[in-house]
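**Q** Have a look at this one.
2 protein chains.
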Amino acid sequence: MAEDRRTRRSRRALGAALVELVLERGFTALTVEDITERADVARATFYAHFRDKEDLFARVTADLLAELGERLAPAVADSAVGFTGKPVLEMLRHAREERDLYRIVLRGEGDGKPLRMFVDACARATAEEFRARAERNAVKPRIDPELLARVWVGEQLAVLRWWVEQDAPSLPAEEVVRMLLDLAMRGRYWASGFEPPA
Amino acid sequence: MAEDRRTRRSRRALGAALVELVLERGFTALTVEDITERADVARATFYAHFRDKEDLFARVTADLLAELGERLAPAVADSAVGFTGKPVLEMLRHAREERDLYRIVLRGEGDGKPLRMFVDACARATAEEFRARAERNAVKPRIDPELLARVWVGEQLAVLRWWVEQDAPSLPAEEVVRMLLDLAMRGRYWASGFEPPA
DNA sequence: TCAATGTCATACAGACTGTTCAGTAACTGT
DNA sequence: ACAGTTACTGAACAGTCTGTATGACATTGA
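So the sequences go chain by chain: A and B.
Numbering-wise (my numbering), the first sequence opens with residue 452 and increments by one.
Numbering-wise (my numbering), the second sequence opens with residue 452 and increments by one.
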């Protein structure tokens with residue numbers, strides 16, 4: 452007995468309505484009734500599933516993260532050697548499919564709680580990967596992997612934010628990844644147009 | 452006829468109360484009455500100054516940005532040549548003084564609106580500086596300055612966020628700046644411990 | 001088909017919002 | 001120090017949203 456179809460229907464509708472409405476009006480401005488109305492569901496039903504709208508947002512985000520995690524797993528395995536850009540590319544693709552949700556999360560809607568869930572999950576995974584990779588290749592990090600992971604994630608998310616907020620059909624994902632890789636390899640100084648330092 | 456002392460007193464008290472309370476309970480959880488109570492001010496007075504709590508938060512953030520801008524000006528002038536790290540250092544110092552406010556802004560409290568004010572201001576200024584610098588030194592950026600600025604700011608803010616959230620007396624600001632500079636110059640690959648690529 | 005379970009409409013108390021207002025206190029410029 | 005201006009106070013108001021409870025009804029899965 453998997454999950455009642457009615458339950459699934461309601462939950463999905465509520466989640467979708469939330470995303471739409473947050474994008475339109477912002478999280479705080481929303482009423483539970485706004486959400487149920489858009490989802491075409493009774494208000495009482497909402498409370499049968501979620502404690503409040505924050506709870507709903509948190510679950511939607513958690514689902515997104517779980518999905519992302521699954522999609523990232525093979526890409527991470529593939530880039531065991533070094534910076535291949537495969538995980539980033541996969542994330543960009545995921546973001547293209549779930550664009551609206553990515554937008555509102557990255558904007559910090561909901562007092563930044565979903566965003567923090569997102570950042571923390573990415574940072575944790577990245578730091579772990581950095582450590583493992585350093586060990587595997589027998590190199591000693593010149594900067595604390597924890598901090599390095601934060602920087603790397605911060606940089607990726609900044610780009611991601613920029614990317615999903617573009618209105619015009621923007622740069623293809625592959626192109627964005629190439630830039631990020633260049634930056635990671637050669638540094639910002641090079642990217643600015645200067646010759647690499649001594 | 453500057454500004455009435457009572458006005459200044461009330462505004463300041465309300466701003467300070469907001470910061471304290473957001474740090475304790477989060478922005479959404481707050482009531483206007485919570486704020487006025489902490490500030491020891493009548494609720495009616497609040498509405499004499501601000502439309503709602505979002506308005507208050509926005510103004511507090513705007514003031515912070517103005518202050519930061521003033522402090523950054525000389526540092527930016529000093530680093531006209533290249534990446535000296537002076538502006539970042541100055542920002543870290545500012546963040547140390549206004550730690551609580553920085554924390555809540557960077558957390559994305561208030562549906563991320565103050566955070567967006569912050570990010571946009573930094574990104575705009577940085578992009579402009581990049582362009583000017585490239586022109587001054589007659590070099591051609593290898594990556595769109597707009598995007599490069601986003602990345603650079605995203606990276607700085609990730610570090611800043613990490614730094615202001617540390618409980619223990621953390622790394623000195625100068626040390627953090629050194630790391631950021633190394634990263635900017637030599638890239639992440641180097642920081643991970645690998646030798647620079649061909 | 002039937003028992004279980006989700007959904008619905010409605011109702012409720014309690015809390016918060018944003019506004020108004022008359023009385024009181026504090027401030028500024030002279 | 002005074003007078004006129006201006007801000008603060010406390011109280012009251014309707015309107016909105018929340019979270020919970022209820023019994024009737026519809027859909028589901030076995």
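Built from N, CA and C at the ideal position, the CB exists for glycine as well.
What does a CB cutoff of less than 8 Å around Lys591(A) pick up in its chain, not counting 5 residues either side in sequence?
**A** Ala585
**Q** Please confirm whether Gly477(B) and Thr479(A) have their CB atoms less than 9 Å apart.
**A** No, these two residues do not count as a Cβ contact at 9 Å.
**Q** Taking only three categories from DSSP, how would you classify Gly561(A)?
**A** coil
**Q** Of the residues that make up the segment 523 to 542 of chain A, which ones have a beta carbon closer than 8 Å to any beta carbon in chain B?
**A** Gly533, Phe534
**Q** Beta-carbon within less than 8 Å of Arg489(A)'s beta-carbon, same chain only, minus the 5 sequence neighbours each way: which residues are those?
**A** The residues are Ala468, Glu471, Leu472.
**Q** Are the segment 598 to 614 of chain A and the segment 604 to 612 of chain B touching, with three or more C-beta to C-beta distances below 8 Å?
**A** yes
**Q** Mind checking Val532(B): buried by the 16 CB within 10 Å criterion, or exposed?
**A** With a 10 Å radius around the Cβ and a threshold of 16 neighbouring Cβ atoms, Val532(B) comes out exposed.
**Q** Could you name the residues of chain A that Ala585(B) contacts, counting a contact when the two beta carbons are closer than 8 Å?
**A** Those are Ser643, Gly644, listed as they occur along chain A.
**Q** Consider the Cβ of Leu631(A): report whether some Cβ of chain B lies at a distance smaller than 9 Å.
**A** With 9 Å as the cut-off, Leu631(A) counts as an interface residue toward chain B.
**Q** Any residues in the segment 471 to 483 of chain B with a beta carbon nearer than 8 Å to a beta carbon of chain A? Which ones, in chain order?
**A** Gly477, Phe478, Thr479
**Q** Helix, strand or coil: how does DSSP classify Lys591(B) here?
**A** The answer is coil: DSSP assigns Lys591(B) none of H, G, I, E or B.
**Q** Enumerate in chain order the residues of its own chain whose CB-to-CB distance from Ser530(A) is below 7 Å, with the five nearest sequence positions on each side excluded.
**A** Lys537, Pro538
**Q** In angstroms with no decimal places, state the Cα-to-Cα distance between Phe508(A) and Trp614(B).
**A** So the two alpha carbons sit approximately 28 Å from each other.
**Q** Near Ala574(A), which residues of its chain fall below 7 Å by C-beta distance, leaving aside the five closest residues on each side in sequence?
**A** Ala600, Arg601, Val604
**Q** Against chain B, with Cβ distances strictly below 9 Å, would Leu507(A) count as a contact?
**A** no
**Q** Does any residue of chain A have a CB that is nearer than 9 Å to the CB of Gly730(B)?
**A** The structure shown does not extend to residue 730(B), since chain B spans only 452 to 649, so no value can be given for it.
**Q** Since Val590(A) meets chain B, which of its residues come closer than 8 Å, beta carbon to beta carbon?
**A** Near Val590(A) (Cβ distances below 8 Å), the residues of chain B are Ser643, Gly644, Phe645.
**Q** Grab the span of the alpha helix (DSSP H) containing Phe497(A) for me, first residue to last.
**A** Taken as a continuous stretch (DSSP letters only), the alpha helix (DSSP H) holding Phe497(A) covers 494 to 500.
**Q** The alpha helix (DSSP H) that contains Pro623(B), what's its start and end?
**A** Pro623(B) -> no alpha helix (DSSP H), and no H or E assigned at all.
**Q** Here's a check: name, in chain order, each residue in its chain whose Cβ is nearer than 8 Å to the Cβ of Phe534(A), leaving out the five neighbours to either side.
**A** Leu632, Ala635, Met636
**Q** Out of curiosity, what's the CA-to-CA distance linking Ala546(B) and Arg629(A)?
**A** 33 Å
**Q** DSSP three-state label for Glu661(B), please.
**A** The question about residue 661(B) has no answer, for chain B in this structure spans 452 to 649.
**Q** With distance defined between alpha-carbon atoms, name the residue in Pro525(B), Arg459(B), Glu579(B), Arg544(B) nearest to Val511(B).
**A** Restricting attention to Pro525(B), Arg459(B), Glu579(B), Arg544(B), the CA atom closest to the CA of Val511(B) is found in Arg459(B).
**Q** Over what stretch of residues does the alpha helix (DSSP H) that includes Gly466(A) continue unbroken?
**A** 456 to 476
**Q** Between Arg550(A), Arg582(A), Thr496(A), which has its C-alpha nearest Pro620(A)'s C-alpha?
**A** Arg550(A)
**Q** Select from Tyr640(B), Leu474(B), Ala576(B) the residue whose C-alpha is nearest the C-alpha of Ile555(B).
**A** Leu474(B)
**Q** Please classify Ser530(A): does DSSP put it in a helix, a strand, or coil?
**A** Coil at Ser530(A), not helix or strand.
**Q** Give the straight-line distance between the Cα atoms of Val570(A) and Arg457(B), rounded to the nearest whole angstrom.
**A** 42 Å
**Q** Over what stretch of residues does the alpha helix (DSSP H) that includes Ala609(B) continue unbroken?
**A** 596 to 616
**Q** Just curious, the alpha helix (DSSP H) that Glu548(B) is in, first and last residue?
**A** Start and end: 537 to 548.
**Q** If you reduce the DSSP assignment to three classes, tell me which class Thr650(A) lands in.
**A** This structure leaves residue 650(A) out entirely; chain A is present only between 452 and 649.
**Q** Is it buried or exposed, Met577(A), if we count other Cβ atoms within 10 angstroms and call 16 or more buried?
**A** Rather than Met, the amino acid found at residue 577(A) in this sequence is Thr. Per the 10 Å Cβ criterion, buried.
**Q** Does any CB atom of chain A fall closer than 9 Å to the CB of Phe501(B)?
**A** no
**Q** Measuring CA to CA, which of Phe645(B), Asp618(B), Lys564(B) is closest to Asp506(B)?
**A** Lys564(B)
**Q** Rounded to a whole number of angstroms, what is the C-alpha to C-alpha distance between Leu481(A) and Leu557(B)?
**A** Rounded to whole angstroms, Leu481(A) to Leu557(B) spans 23 Å at the Cα level.
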